[in-house]
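Residues in the sequence shown are numbered from 60 upward in steps of one, following our numbering. Ideal Cβ positions, reconstructed from N, Cα and C, are used throughout, including at glycine. What you are looking at is a predicted structure, and each value in this text was computed from that prediction instead of being measured.
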Amino acid sequence: MEFEESGLQFEFDDDSCYRIELCPAAEAVGKGIKKAEFLCVQENNLWVLEAKSSIPNETKDKVRYEEWWQEIYEKLYNSLQLTALGLVGRHEALGNGVPDKLIFSDWSALKIQLVLVIPDAPKAYLPPLTDKLQKKFQTLFLKLWKIKPNEIMVLNRDLARRKALCQ
């Protein structure tokens, strides 16, 4: 499967990538639910990825900046939750279209990685952006899912390529 989002080219095996953003069943759970681009299993990692071509300027519009971060958080959070709920049958329609690798993987052994990719973000900006994203997630959510802070990250195109997340 090949697709483009926010100026990034993605290519994954059909059985390992779930384009949850295109899943209409989420609307049955709640209208307007925000979803990330996709979830993907690679080796022992479950990647939940959102891509954005740019980031609002904090100094020009603080309110928009904070809303933007809240939206990113909701997309990553909702996508993981919705997929899991679909797979355990709490909302069967959500499980439709989930590829085999996500269905048959041992989720207890997967390292869950929550990722925002901003293709042209300068490398020097990534640590403070990552810190901002990490702080959006509540401790209880991270403990329940066994997600470590370093598994929540903001990457640019180069770092995403190194992790084999984009072309």
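Cβ-based burial, residue i [other Cβ within 10 Å; buried from 16]
| i | result |
| --- | --- |
| residue 216 | buried |
| residue 158 | buried |
| residue 112 | exposed |
| residue 145 | buried |
| residue 78 | buried |
| residue 183 | exposed |
| residue 154 | buried |
| residue 94 | buried |
| residue 87 | exposed |
Between the CA atoms of residue j and residue i - distance to the nearest angstrom
| i | j | result |
| --- | --- | --- |
| residue 177 | residue 143 | 26 angstroms |
| residue 203 | residue 141 | 15 angstroms |
| residue 129 | residue 72 | 30 angstroms |
| residue 197 | residue 102 | 27 angstroms |
| residue 240 | residue 223 | Residue 240 cannot be examined here, being either before or after the span of the chain that is shown, 60 to 226. |
| residue 106 | residue 161 | 11 angstroms |
| residue 173 | residue 211 | 5 angstroms |
| residue 167 | residue 119 | 43 angstroms |
| residue 214 | residue 63 | 17 angstroms |
| residue 96 | residue 186 | 22 angstroms |
| residue 206 | residue 200 | 8 angstroms |
| residue 124 | residue 170 | 29 angstroms |
| residue 209 | residue 65 | 24 angstroms |
Strand pairing of residue i, partner residues [DSSP]
| i | result |
| --- | --- |
| residue 62 | 69 |
| residue 170 | 104 |
| residue 98 | 77 and 107 |
| residue 176 | 110 and 214 |
Cβ pair residue i, residue j closer than 9 angstroms
| i | j | result |
| --- | --- | --- |
| residue 109 | residue 135 | yes |
| residue 131 | residue 192 | yes |
| residue 99 | residue 82 | no |
| residue 137 | residue 219 | no |
beta-carbon residue i near the ligand NAP non-hydrogen atom, thresh 8 angstroms
| i | result |
| --- | --- |
| residue 77 | Only the bare structure without any ligand can be found here, which leaves the ligand NAP out of the picture. |
Practice prompt. At 3 residues or longer, and completely inside the stretch 195–225: list those beta strand (DSSP E) runs for me, N to C.
Written response: The stretch 195–225 contains these whole beta strand (DSSP E) runs: 211–214.
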